[in-house]
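To start, the structure under review is shown below, and the notes come after it.
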Amino acid sequence: MRILVSNDDGYRAEGLDSLAGALGPLAEITVVAPDRNRSGASNSLTLDVPLRVFPYGERRYYVNGTPTDCVHLAISGLFDEPHDMVVSGINDGANLGDDVLYSGTVAAAIEGRFLGLPTMAVSLVASSGRHFATAARVASELVMRLMRTPLHASMILNVNVPDVPYEHLRGLRTTRLGHRHRSESVVRGRDPRGRTVYWVGPAGEGADAGEGTDFAAVAAGYVSVTPLQVDLTRHAALGDVDEWLRGRAP
Ligand code: MN
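Taking the working numbering, the leading residue of the sequence shown gets 852, the next gets one more, and so forth.
Right, here's the structure in full:
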């Protein structure tokens, strides 16, 4: 069993080390991660400059690219032997609701969807504790469960772990994605030469954070496990759009 580990916080991130360490006893681990923090990179590929791969330890590599570049390289020719699954993280921060559209952590997991086993993105809903060990233990338990009792391959599990000691977790919950309010306004500032610059502001608070959502589960102290799919088709709207195209009111 070979597991590819990646992240979006960069190869020096504490969460990546905790994850690789926790999965080490279960499988042969290869780490391919970005050379710097690429949080918010989503599913982007680097097409304007060549990618370079730098070893920094045994089966450890960093790349001047995005999380998607890293996983794409790793499973499309960088290594002779195939990997069975991708586990991405542990992200320093939540990936709840709309976050998954922007997340490089989730994107790395998505890029591994064609491998033999479901892929997993693991995020720590970090506040002050920074209990990466808790999330690492949860990740290894879920991987063990997948090895014992497989789920459909091509499934993507988005896992968010509350930032508490392991003993304080209340359990695991299967959830759906909630939604956030609009993000806060961009923050305007000035560079040292007096020119206007902008910073993208923080994400909004949970708007649909009710029963059954990932927001509600982590707020109540549970590990949230959301099965994701890549099909963005709004199946329920196919009929309405078809009527509309035919010139009729839906
Ligand atoms: Mn990140």
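Using N, Cα and C, we set each Cβ at its ideal position, and we do this for glycine too. Predicted model, so just to flag it, every value in this text is computed and none were measured.
- 8 Å or more divides the Cβ of L1008 from the Cβ of L968.
- Secondary structure of S869 (DSSP, three-state): helix.
- With at least 16 other beta carbons inside 10 angstroms of its own, P918 counts as buried.
- For P1078, the uninterrupted beta strand (DSSP E) segment begins and ends at 1074-1079.
- Residue ranges of uninterrupted beta strand (DSSP E) with 3 or more members, entirely inside the region 979-1030 and ordered along the chain, are 1007-1013, 1023-1025.
- Take D1042, set aside five residues on each side of it, and the residues of its chain with a beta-carbon closer than 8 Å to its own are V1048, in chain order.
- In the DSSP assignment, G1057 falls within the unbroken beta strand (DSSP E) covering 1057-1059.
- Beta-bridge annotation (DSSP): T1047 is paired with R1041.
- Collapsing the DSSP output to three states places S927 in a helix.
- For T1064, the secondary structure class from DSSP, reduced to helix, strand or coil, is strand.
- The continuous beta strand (DSSP E) containing G908 extends over residues 904-908.
- With a threshold of 16 other beta carbon atoms within 10 Å, Y1073 meets it and is buried.
- The set of residues with CB atoms less than 5 Å from any heavy atom of the ligand MN reads, in chain order, D859, D860, S890, N942.
- Residue environment: A1100 is assigned as exposed (fewer than 16 neighbouring CB atoms within 10 Å of its CB, all protein chains considered).
- For E962, the uninterrupted alpha helix (DSSP H) run begins and ends at 955-962, by DSSP.
- Counting along the chain, L855 sits inside the beta strand (DSSP E) bounded by residues 853-857.
- Per DSSP, D943 is one residue of the beta strand (DSSP E) stretching across 936-943.
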